[in-house]
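Participant: Following this message is one structure expressed as structure tokens.
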Amino acid sequence: MSDMLRYDGRVAVVTGGGNGLGRAHAMLLASRGAKVVVNDLGGAVDGSGSSATAAERVVAEIVEAGGEAVADRNSVSTVEGGQAIIKTALDAFGRVDIVVNNAGILRDKSFKNMSPEFLDPVLDVHLKGAFWVTQAAWELMREQKYGRIVNTSSAAGIFGNFGQTNYGAAKMGIVGFTNVLKQEGQKYNIKANVLAPGAKTRMTEELMGPMATQFRMEPELVSPIVAYLCHESCKVNGEIYSAAAGRVGRIFIGATKGVFNPDSMTIEYIRDHFDEIRDTEGYIIPGSAMEEMGLLMKAKK
Ligand code: NAI
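By UniProt numbering, the letter at position 153 of the sequence shown is numbered 153, and the numbering carries on one by one without gaps.
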């Protein structure tokens, strides 16, 4: 196919690439010519333990299929880990064009029972992990005026899921992180977008229930939108895409028109206009905090 999207000459880092979704993203990018760093700590779903085999296994699969890849087993969750992962890419391939922040763990607990032992590792791997790996690549991307970043969020944070206050906070933090990356990277042709995936992996197989039998939940159905957002032709920046079982859609945060009444803004005014405040008719999707402020200018007119 002549119009096939390819990644020749591009170097991609996929964190948590040793299993599930990360493995599928790494395999797809490599199959289209990207040189891939498959990063994976090789631990259990709750983040305990580590081993080199997860990343090495996927590298072997990529090489077997005729692609190029190297394994990295550093943890994403520290500044040093992030730097070491990007160093692996530089040592092996001399540059970094694409970062897919995908590494993740789960430590579910109802909020009542949430303790630092459940919160801290989840924030460290998901939120800080995306932060430190991206930051290690950021200067390189600015210098080369090119970068594509996909950060993995979750519907559990964007919309909510019982027992996952830690995970939900981390995953929605990733949305805020990406919104700001969008602005800081814009003039350097660095584009950062968010994925909210759904797939049957070791992380979710027990949680899937009937979804797993009704739909094709393989990770390979999620990877095309990730690869698309990593391609040089990608035009969008700071957007959120949801992908599961062959469905791909956009998720966005909108702002309602609201009410404007500086002269008599009272609690009772709020009560009496609450439906109007909440009314989504005529909503906008602000591209920045300033654009949201623009609603005020519009209301004043
Ligand atoms: P998975 O457990 O199959 O893969 C996650 C990988 O991340 C594992 O190989 C693990 O070793 C690695 N990892 C964990 N901590 C790490 C660290 N500190 N440094 C480097 N690697 C580390 O899980 P899955 O389902 O493939 O998840 C991938 C991402 O997608 C995660 O961020 C997850 O939260 C997210 N996600 C997945 C959903 C699904 O339906 N599978 C739904 C929503 C979000």
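Positions of the beta carbon are idealized from the N, C-alpha and C atoms, including for glycine.
Identify whether Leu41 lies in helix, strand or coil by the three-state DSSP scheme.
Facilitator: Stepping through the sequence shown from its first residue, residue 41 is reached at position 41. Leu41: coil per DSSP, three-state reduction.
Participant: With distances taken Cα to Cα, identify the nearest neighbour of Gly16 among Gly42, Val222, Pro121.
Facilitator: On the sequence shown, position 16 is the one that residue 16 refers to. When only C-alpha atoms are compared, the closest one is Gly42.
Participant: Report yes if the CB atom of Thr256 is closer than 7 Å to the CB atom of Asp279, and no otherwise.
Facilitator: Locating residue 256 in the sequence shown gives position 256, counting from the first residue. Locating residue 279 in the sequence shown gives position 279, counting from the first residue. Yes, the Cβ-Cβ distance between Thr256 and Asp279 is below 7 Å.
Participant: Under the criterion of a Cβ to heavy atom distance below 6 Å, does Ala136 qualify as lining ligand 1?
Facilitator: Mapped onto the sequence shown, residue 136 falls at position 136. Not so, every heavy atom of ligand 1 lies at least 6 Å from the Cβ.
Participant: For residue 316, count neighbouring C-beta atoms within 10 Å of its own C-beta (all shown protein chains included) and say buried if the count is 16 or more, exposed if not.
Facilitator: Because residue 316 is not part of the residues shown, which for the chain are 1 to 301, the question remains open.
Participant: Candidates Glu64, Gly157, Val36, Val100: which alpha carbon is nearest Val70's?
Facilitator: Along the sequence shown, read from residue 1 onward, the residue named residue 70 stands at position 70. For Val70, the nearest C-alpha among the options comes from Val36.
Participant: Would you list, in sequence order, the uninterrupted alpha helix (DSSP H) runs of no fewer than 4 residues that lie entirely inside the region 239-285?
Facilitator: 267-272, 274-278, all fully within the region 239-285.
Participant: Hey, how far is the Cα of Arg23 from the Cα of Lys112?
Facilitator: As a first step, residue 23 must be located in the sequence shown, where it is residue number 23. As a first step, residue 112 must be located in the sequence shown, where it is residue number 112. Cα to Cα, the separation comes out at about 35 Å.
Participant: Along the chain, where does the beta strand (DSSP E) containing Val13 start, and where does it finish?
Facilitator: Stepping through the sequence shown from its first residue, residue 13 is reached at position 13. Unbroken beta strand (DSSP E) run through Val13: 11-14.
Participant: Output the distance between the C-alpha atoms of Val150 and Ile98, rounded to the nearest integer angstrom.
Facilitator: Within the sequence shown, numbered from 1, the residue matching residue 150 stands at position 150. Within the sequence shown, numbered from 1, the residue matching residue 98 stands at position 98. Using only the alpha carbons, I get a separation of about 8 Å.
Participant: Determine the contact status of Leu127 and Gly173, defining contact as a CB-CB distance below 7 Å.
Facilitator: Indexing the sequence shown from 1 puts residue 127 at position 127. Indexing the sequence shown from 1 puts residue 173 at position 173. Yes, they are a contact pair.
Participant: Just the Cα atoms here: how many angstroms apart are Glu117 and Val45?
Facilitator: Locating residue 117 in the sequence shown gives position 117, where the first residue counts as 1. Locating residue 45 in the sequence shown gives position 45, where the first residue counts as 1. If I take the Cα positions, the gap works out to 15 Å.
Participant: Roughly how many whole angstroms lie between the Cα atoms of Ala253 and Met293?
Facilitator: Stepping through the sequence shown from its first residue, residue 253 is reached at position 253. Stepping through the sequence shown from its first residue, residue 293 is reached at position 293. A quick correction: the sequence has Ile, not Ala, at residue 253. Their backbone Cα atoms lie some 15 Å apart in a straight line.
Participant: Indicate whether the contact test is met: 3 or more Cβ pairs, each with one atom in the region 143-163 and one in the region 189-201, closer than 8 Å.
Facilitator: Taking 8 Å as the limit for Cβ pairs, the verdict is that the region 189-201 does touch the region 143-163.
Participant: Let me check you understand the geometry: is the CB of Pro197 closer than 6 Å to at least one non-hydrogen atom of ligand 1?
Facilitator: On the sequence shown, position 197 is the one that residue 197 refers to. Flag set: Cβ of Pro197 near ligand 1.
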